[in-house]
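Here the structure is laid out as structure tokens; the discussion comes afterwards.
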Amino acid sequence: MRIIYFLLFHLLLSSYWAFGNSDSLKIKWKRPINKDNIEKIQTTFIFRPFYINQSTKLSFSDNDGIGKDIIYKPNANGSVGFGINFFNLGLSFSVKVPSSTSKRTKYGNTDYTNIRITYNMERIGINAFYLGYKGFYLSNPTDIESGWNYNLPFPQRKDIDVYSVGLYTHFIWSDKFSYKAAFSQTERQKKSAGSLIIMIADRFTRIKNDSTFIPLCQQANYNDINGLKNGIFNTVNVAPGYAYSFVYKFFNFTNILAIGAGFQQQIYDMDNETKFKVNVPYFFNFKSSLGYNSKKYFANITYNADVNNIPIKQTNIKINYPSFEVVAGVRF
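Position 31, counted from 1, in the sequence shown is what the numbering used here calls 31; the numbers after and before it change by one each time, with no gaps.
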């Protein structure tokens, strides 16, 4: 039910900004784009092959600085596929890039599912997603165990399960900056421009394991969370930021940075006891795009870094969601 509640919250909030009763809001959020800076691209059919690698990194840090950082990563190679757009209808198909036998032996096997749905208007964008990973490996064994031999398989944790469901909404202040030109290529940025941006992010995260997240050699330094087996964390963040796109002919280089804080509800099982906590962690989101966008052809390389912080007692649990995407396409 919580997932349904925060989805409705975002949809209502976005609708208010876009279609609210205030005439001033209507003018601000619904006014036409600046045609001197932005060009709409009219097309009937688009074909675009792509590669995307969306990952998750789970780390534990001791705030006292005594314990070593513990970092888990999935063995995920991303997906390849293609998308087609016919007028306003878009469809895509992708398959996971298989992992080699030698890589599975060294890093273990990860089952993962990534689902993304995006909808961008001129001034408002909505991004909904589901990220699920089961099966991780300890990526920094040399930092934790002295004399570790890299020729050996990395310590593997088939029992670690991490999934997140989220909905991000962003609001663009300036009518001279186009988010769609930088990241979906349905518009073209004609001149360099920037804009203030507000991001509202709601993320529901669950982490789970069969015993403890902490390796035996570090358990003396993580007494506060040795018994953590299962946790549910829902965080609502508000983050102001800035976006800027550098344009040279048909090329553009765009960066967006948003930093803020949020309200986090924590429900977790610790030492056979269920605990309820509230915290205010910081929030960080960075997105960068390098693209080519002519009338017929387009290409884009996008990197996104998203950090979800979960403070519990003297330990900071951090979940990073890096993604890398390469897209190329042709319009007809």
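Glycine residues also receive a C-beta, built at the ideal position from the N, C-alpha and C atoms.
Item	Value
Are the Cβ atoms of Phe136 and Val165 separated by less than 9 Å?	no
Can you give the Cα-Cα distance for Thr43 and Leu196, rounded to whole angstroms?	30 Å
For the stretch 141-211, list the alpha helix (DSSP H) runs that are entirely contained and at least 4 residues long, ordered along the chain.	141-144 and 179-183
Could you tell me the distance, in whole angstroms, from the CA atom of Ile225 to the CA atom of Ile312?	8 Å
Take Ile52 as the anchor and find which of Val97, Asn85 and Thr142 has the nearest alpha-carbon.	Val97
Determine the contact status of Trp173 and Ile198, defining contact as a CB-CB distance below 9 Å.	yes
Would the beta-carbon of Gln156 fall within 9 Å of that of Tyr107?	yes
Under the DSSP definition of a beta bridge, which residues are partnered with Pro49?	Phe82
Helix, strand or coil for Thr105? Go by DSSP, reduced to three states.	helix
With three or more C-beta pairs closer than 8 Å as the rule, is the stretch 244-251 touching the stretch 205-222?	no
Out of Ile124, Tyr303 and Lys295, which one is the CA nearest neighbour of Ser288?	Tyr303
For Ser22, does the count of other Cβ atoms within 10 angstroms reach 16, so buried, or fall short, so exposed?	The predicted position of Ser22 is uncertain, since its pLDDT is 42 and thus under 50; no value can be drawn from it.
Can you give me the C-alpha to C-alpha distance between Leu167 and Pro141, rounded to a whole angstrom?	34 Å
Quick check: Val330 and Ile46, are their CB atoms within less than 9 Å of each other?	yes
Which residues bound the beta strand (DSSP E) around Lys57?	Lys57 to Asp62
Nearest by alpha-carbon distance to Gln218: which of Glu145, Gln185, Ala239 and Gln264 is it?	Glu145
Need the endpoints of the beta strand (DSSP E) that Ser289 sits in, please.	Tyr282 to Asn293
Give me the Cα-Cα distance between Ser184 and Asn109, rounded to the nearest whole angstrom.	32 Å
Report the residue from Ile117, Lys40, Ile301 and Gly67 whose alpha carbon sits nearest the alpha carbon of Leu216.	Gly67
Three-state secondary structure (DSSP) at Ala76?	coil
Considering only residues of the same chain and omitting the five flanking positions on each side of Gly260, which have a CB-CB separation below 6 Å?	Asn237, Val238, Ala239 and Phe283
Quick test of your reading: Gly83 and Arg123, contact by CB under 8 Å. State the CB separation rounded to the nearest angstrom.	Between Arg123 and Gly83 the Cβ distance is about 24 Å, and since that is not below 8 Å, they are no contact.
With a 10 Å radius around its C-beta and 16 neighbouring C-beta atoms as the bar for buried, classify Gly125 as buried or exposed.	buried
Within 10 angstroms of the Cβ of Asp175, are there 16 or more other Cβ atoms? Answer buried if so, exposed if not.	buried
Going by the DSSP bridge assignment, what does Arg331 pair with across the sheet?	Ile46
Tell me the residue span of the beta strand (DSSP E) that contains Gly132.	Ile124 to Leu138
Considering only the beta carbon of each residue, do Asp161 and Leu228 sit closer than 9 Å?	no
Buried or exposed, going by whether 16 or more other CB atoms sit within 10 Å of the CB of Lys103?	exposed
Measure the beta-carbon distance from Leu138 to Phe154 and round it to whole angstroms, keeping in mind my assumption that it falls under 8 Å.	6 Å
Work out the CA separation of Ile70 and Ala76 for me, nearest whole Å.	19 Å
What residues in its chain sit with their C-beta under 7 Å from that of Ser24, if we drop five residues either side in the sequence?	Bear in mind that a pLDDT of 39 at Ser24, under 50, signals an unreliable position, so the number given afterwards is only what the model happens to contain. Once the five neighbours on either side are set aside, Ser24 has no close Cβ partner at all.
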